[in-house]
Amino acid sequence: MFTINPFVQVDKAVVMVSLALLTQLLSHHSFTQCAEIGSEMVAWATLPILFRLSSIYHQFSIYTINQDPNQARAGSLLSTHLWLISVGVCIYSWFKSEIGVLQSFPILFPVLLISGKMFKFRTHSSIGRSSFSFLTETLHGPCIISLLGTFSLASSANLVEWGLSLIPLACVLGISILILSQHGLDLPGCINVELTSFHLTARILPMLAATVVAEIIIFGYSWGHPLSILASGAFKALAYFFTIQTIYHSSWSAAILIEIFSTLSANSPVSQSSDLRAFLNVVTSLLVLAQLTQVLPGYLKGRWIVWIFGLVAIIPYIANIWTIYAINNTIVEDHPIAALMDKARLDFEETLHKQSRTYAAACDEYRLRYKIEPPPGFKDWFLYASAHQSPIIDDYDAIYDSILPLLKLSGKEINDDIVNVRNLPGNELWTCTFSGSSRKTKCSHDFRVLDRDIQHTFDTLLENIPATLPDVTFLVNHLDEPRVIPPPPNNIHTSPSLKDQSRQSTWDTISAPCAYQPNSTQTQDHQPPAQPPNLPFITDPNQAKNLCLHPEYSTKHGIFLSPTSFRPITGLLPILSTGSLSTMADILYPSPAYLAPDFQYTPEKDIPWHQKQNTLYWAGSTTGAFATGTNDWHNFHRQRFVSLVTNPDHHHNSYSYLHQTPTSISTQKSTFLNTRLYTISFTRIFNCSPASCRAQRRFFHPHTWADKDQGLQSKLVFDLDGNGISGRFYSLLASNSAPLKQTLFREWHDERLWPWVHYIPVSLGMEEVPEVVRYFTSSREGRERAEEIAKNGKEWFGRAFREVDLGVWVWRVLLEVGRVGDPGRAAFNFHEEGV
Numbered sequence: 001m002f003t004i005n006p007f008v009q010v011d012k013a014v015v016m017v018s019l020a021l022l023t024q025l026l027s028h029h030s031f032t033q034c035a036e037i038g039s040e041m042v043a044w045a046t047l048p049i050l051f052r053l054s055s056i057y058h059q060f061s062i063y064t065i066n067q068d069p070n071q072a073r074a075g076s077l078l079s080t081h082l083w084l085i086s087v088g089v090c091i092y093s094w095f096k097s098e099i100g101v102l103q104s105f106p107i108l109f110p111v112l113l114i115s116g117k118m119f120k121f122r123t124h125s126s127i128g129r130s131s132f133s134f135l136t137e138t139l140h141g142p143c144i145i146s147l148l149g150t151f152s153l154a155s156s157a158n159l160v161e162w163g164l165s166l167i168p169l170a171c172v173l174g175i176s177i178l179i180l181s182q183h184g185l186d187l188p189g190c191i192n193v194e195l196t197s198f199h200l201t202a203r204i205l206p207m208l209a210a211t212v213v214a215e216i217i218i219f220g221y222s223w224g225h226p227l228s229i230l231a232s233g234a235f236k237a238l239a240y241f242f243t244i245q246t247i248y249h250s251s252w253s254a255a256i257l258i259e260i261f262s263t264l265s266a267n268s269p270v271s272q273s274s275d276l277r278a279f280l281n282v283v284t285s286l287l288v289l290a291q292l293t294q295v296l297p298g299y300l301k302g303r304w305i306v307w308i309f310g311l312v313a314i315i316p317y318i319a320n321i322w323t324i325y326a327i328n329n330t331i332v333e334d335h336p337i338a339a340l341m342d343k344a345r346l347d348f349e350e351t352l353h354k355q356s357r358t359y360a361a362a363c364d365e366y367r368l369r370y371k372i373e374p375p376p377g378f379k380d381w382f383l384y385a386s387a388h389q390s391p392i393i394d395d396y397d398a399i400y401d402s403i404l405p406l407l408k409l410s411g412k413e414i415n416d417d418i419v420n421v422r423n424l425p426g427n428e429l430w431t432c433t434f435s436g437s438s439r440k441t442k443c444s445h446d447f448r449v450l451d452r453d454i455q456h457t458f459d460t461l462l463e464n465i466p467a468t469l470p471d472v473t474f475l476v477n478h479l480d481e482p483r484v485i486p487p488p489p490n491n492i493h494t495s496p497s498l499k500d501q502s503r504q505s506t507w508d509t510i511s512a513p514c515a516y517q518p519n520s521t522q523t524q525d526h527q528p529p530a531q532p533p534n535l536p537f538i539t540d541p542n543q544a545k546n547l548c549l550h551p552e553y554s555t556k557h558g559i560f561l562s563p564t565s566f567r568p569i570t571g572l573l574p575i576l577s578t579g580s581l582s583t584m585a586d587i588l589y590p591s592p593a594y595l596a597p598d599f600q601y602t603p604e605k606d607i608p609w610h611q612k613q614n615t616l617y618w619a620g621s622t623t624g625a626f627a628t629g630t631n632d633w634h635n636f637h638r639q640r641f642v643s644l645v646t647n648p649d650h651h652h653n654s655y656s657y658l659h660q661t662p663t664s665i666s667t668q669k670s671t672f673l674n675t676r677l678y679t680i681s682f683t684r685i686f687n688c689s690p691a692s693c694r695a696q697r698r699f700f701h702p703h704t705w706a707d708k709d710q711g712l713q714s715k716l717v718f719d720l721d722g723n724g725i726s727g728r729f730y731s732l733l734a735s736n737s738a739p740l741k742q743t744l745f746r747e748w749h750d751e752r753l754w755p756w757v758h759y760i761p762v763s764l765g766m767e768e769v770p771e772v773v774r775y776f777t778s779s780r781e782g783r784e785r786a787e788e789i790a791k792n793g794k795e796w797f798g799r800a801f802r803e804v805d806l807g808v809w810v811w812r813v814l815l816e817v818g819r820v821g822d823p824g825r826a827a828f829n830f831h832e833e834g835v
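Per the UniProt record's numbering, the sequence shown starts with residue 1, numbered consecutively.
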């Protein structure tokens, strides 16, 4: 017995339990998946040494406490048992290294109790039971607590990991049944623990070493930092040592409950998806502590000390609640976002008001903008667009940024270049011909059969146009990524060339036109208003997408780092793509995905605004780049976004929030992010080498598949680039939720969608995301403003994104492409302002 002071005495058994709790907690808090197997090897290499030192110095030795000297001379477990335990330990360690927290582990205690009844063994004594015995002596108490613990650890969207965690759980259960059915509560008094630990180490270390060798061959080296391995291994060895002592002094149940409590209390409230889960995690941790006190013999003195460890769960929870309260109560008045929305609304209404109302006015505006005459068929196009009340008549600059340079070549040169590029191997282009008489499109490819609905898209959008267009032949990009790199002005007559830059850095190629592309074509006339320091709220999407103004983008987007498929074609060619970059010259057309059934808005799956969860939602896959190394994926745009909100503990950068001072608004840094405002996850890890896929699975813990309309349960929904443009954007825009949009790709609709009116723009760096989400979810004004954006986007989508509006765009594209490829057209000799 230990004497803390003359009035407080503590039995050694309680000391062992306390030390086991302490070292298990340290082991869990130092745990990393990549270091798990290495730390397990360190632990088992250290454990026999600890028992030897214990035997030599008689400190906390089971033999000095044990009154039977024969037990010190007892033998080890049977060889079969040793091998079974060793295999179980290796399986347990490997699964922990792969899936992290074993979410099903809390159910081990009631399952062990049930097993004890089946196989006629006890896991703990019943000496000194109290009125709280139902927590351990009945089945309903432990079952309820285990279900609460599993609920607080697991996510309903993470059923795969939960199911996989049953395998190591079964190993622990099997080992427990094997030992307890043979030795019962006499273990470890009937064996020589020091000798047994040595025999286990001799078996476990070679098996773990073989596992490591196999992993290095398959995945490469990914062990983590050596100091992390040593520290985690040392804590784990001490935890094993004191847990074995706990088994001897109290019971097997105590060891199980210590592990369960450590797992629960190490579950940070920051990572909890809701206030309920965070609260239940604390309650369940305390209930497990209550169970632990119940399985300890009632005559032990100082059992109250065990309750001190409850602070490990309580203090982080209280700190988290207080931090959330403090953050939510410092939202600035007269928020800059409100001013951005007001200005954007005025600009949008002015743009609509300025649209041409007559054919003559449309022609004058065309000549003023592009310094050339409208193409043949422009009058029929205008009458059709006006008759169908298409709201945008004049703003088609996105087409002419790509068309005007083509006019520098004659129609014959354009057609010759089309033939030349079609002959290039691996061109991945569809050759499409639109028949003006039948209004049907025929597309062909060198070897592909499925055209990703390209032909269907043109047939659908052009089938009802009243005028007869001449036959038009054009090229359509098969890939997600854009294709056309404009050549230098002195090389426009050079035959087009193609190179494959898939899975490699592309920034130098994509940014090359910055050397000869005037910035004036990439920006709007107005200057953005002053910004709060370090919070890049987007006011001009064109400037935000301008690669020439943002060299820092080279390390922030997958298309620059390691695109899945990137085959740039250098030359002046009429190639249609669904998206393009500011330096590239693809002609934009609406993505076939926007017409595909899988991407359509489903009204019956939407709910009114006031019923939606006050969260930001996104779920998707790791498209956007191909990961070849274990670390290169960290800078991919999708991985950066998901990491920002799902791994705040791993996110080394601080978060920026606006802070109100007596005289101004400033930016304040914080390490805190309220993750309960975010429902963000990957649902599929792919486009990666085996090592990279494994590293990302460990880091992100992907959830199971989510319904495409699941996001409509949240007030805020996020959308960002994949390999190219995102096909789900229109379904979000049409919904009752407010979409946040992050993209570098130019699309056909850019000039008819207004940031801060129809959607919430997000910068590529995402530094403003925490403040944007805080404002729109945690303040009354912000929630009202978010609802306004949701309503504006939905209403505008119904006016400007009908099939007829998409057809109006495609018709105008074909008018221009038809003029570009007219064999009788001579090269235009003019100076295009800004081209």
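Built from N, CA and C at the ideal position, the CB exists for glycine as well. Since this is a predicted model, take the numbers as computed values, not measurements.
- Message: Give me the residue from Ile-315, Thr-433 and Asp-709 with the minimum Cα distance to Lys-612.
- Response: Asp-709
- Message: Can you give me the C-alpha to C-alpha distance between Pro-592 and Leu-461, rounded to a whole angstrom?
- Response: 10 angstroms
- Would you identify the three-state DSSP class for Gln-389, choosing helix, strand or coil? coil
- Message: Per DSSP, what are the beta-bridge partners of His-659 in this structure?
- Response: Ser-666
- Would Val-419 be called buried (16 or more neighbouring beta carbons within 10 Å of its own) or exposed? exposed
- Task: State the Cα-Cα distance for the pair Thr-615 and Ala-231, rounded to the nearest angstrom.
- Result: 38 angstroms
- Measure the beta-carbon distance from Phe-348 to Trp-754 and round it to whole angstroms, keeping in mind my assumption that it falls under 8 angstroms. 4 angstroms
- Roughly how many whole angstroms lie between the Cα atoms of Ser-79 and Ser-251? 24 angstroms
- Message: Taking 7 angstroms as the limit between beta carbons, can you name the residues of its chain near Pro-69, skipping five residues before and five after?
- Response: For Pro-69, the predicted model reports a pLDDT of 47, less than 50, meaning its position is unreliable and no value from the coordinates is stated.
- Message: Buried or exposed for Tyr-325, going by 16 or more other Cβ atoms inside 10 Å?
- Response: exposed
- Query: For residue 841, which beta-bridge partners are listed by DSSP?
  - Reply: Residue numbering for the chain in the displayed model covers 1 to 835; residue 841 lies beyond these limits and cannot be assessed.
- Task: Following the continuous beta strand (DSSP E) through Arg-684, name the residue where it begins and the one where it ends.
- Result: 678 to 684
- Item | Helix, strand or coil at Thr-615 according to DSSP, with G and I counted as helix | strand
- Message: Between the region 735 to 748 and the region 320 to 334, can you find at least three pairs of beta-carbon atoms closer than 8 angstroms?
- Response: no
- Task: Could you check what DSSP says for Ser-97 in three-state terms: helix, strand or coil?
- Result: helix
- Among residues of its own chain, excluding the 5 on either side of residue 839, which ones have a beta-carbon nearer than 7 angstroms to its beta-carbon? Residue 839 cannot be examined here, being either before or after the span of the chain that is shown, 1 to 835.
- Message: Quick check on Pro-532: does DSSP put it in helix, strand or coil?
- Response: Residue confidence for Pro-532 is low, a pLDDT of 48 falling below 50, so the modelled location carries little weight; the figure read from the coordinates is stated next. The answer is coil: DSSP assigns Pro-532 none of H, G, I, E or B.
- Going by C-alpha distance, which of His-634, Ala-585, His-29 and Phe-198 is nearest Ala-313? His-29
- With 16 other CB atoms within 10 Å as the buried threshold, where does Ala-202 fall? exposed
- Message: Let's test the definition: count the other Cβ atoms within 10 Å of the Cβ of Met-118 and tell me whether it reaches 16, buried, or not, exposed.
- Response: exposed
- Alpha-carbon spacing of Asp-401 relative to Ala-627, whole angstroms: 33 angstroms
- Mind checking Val-213: buried by the 16 CB within 10 Å criterion, or exposed? exposed
- Query: Name the DSSP beta bridge partners of Cys-363, please?
  - Reply: Answer by DSSP bridge pairing: none, since Cys-363 is not bridged.
- Task: Indicate the three-state DSSP secondary structure (helix, strand or coil) for residue 836 in the structure shown.
- Result: Any answer about residue 836 is impossible in this case: the structure gives the chain only from 1 up to 835.
- Query: Should Asp-471 be labelled buried (16 or more other beta-carbon atoms within 10 Å of its own) or exposed?
  - Reply: exposed
- Query: Taking the Cβ atom as the reference point for each residue, do Asn-723 and Glu-481 lie within a distance shorter than 8 angstroms?
  - Reply: yes
- Provide the residue span of the beta strand (DSSP E) that contains Asp-719, from first to last. 714 to 720
- Assuming residue 838 and Trp-44 form a contact by the criterion Cβ under 8 angstroms, report the distance between their Cβ atoms to the nearest whole angstrom. For the chain, the structure presents residues 1 to 835; residue 838 sits outside this window and is missing.
- Query: Is it the case that the Cβ atoms of Val-804 and His-388 are separated by a distance below 8 angstroms?
  - Reply: yes
- Message: At the level of alpha carbons, what is the spacing between Tyr-248 and Ala-239?
- Response: 14 angstroms
- Arg-746, DSSP secondary structure in three states: strand
- Query: For Trp-633, which residues from the same chain have a beta carbon less than 8 angstroms from its beta carbon, with the 5 sequence-adjacent residues on both sides left out?
  - Reply: Thr-622, Ala-625, Ala-627, Gln-639, Cys-688, Ser-692, Ala-695 and Gln-696
- Distance, Cα to Cα, Leu-576 vs Asp-364? 27 angstroms
- Just tell me which of Lys-794, Lys-379, Glu-787 and Ile-393 has its CA closest to the CA of Arg-369. Ile-393
- Can you pull the DSSP bridge partners for Asn-158? Asn-158 pairs with nothing; no bridge assigned.
- DSSP puts Ala-210 in a beta bridge; with which residues? Bridge partners of Ala-210: none, in fact.
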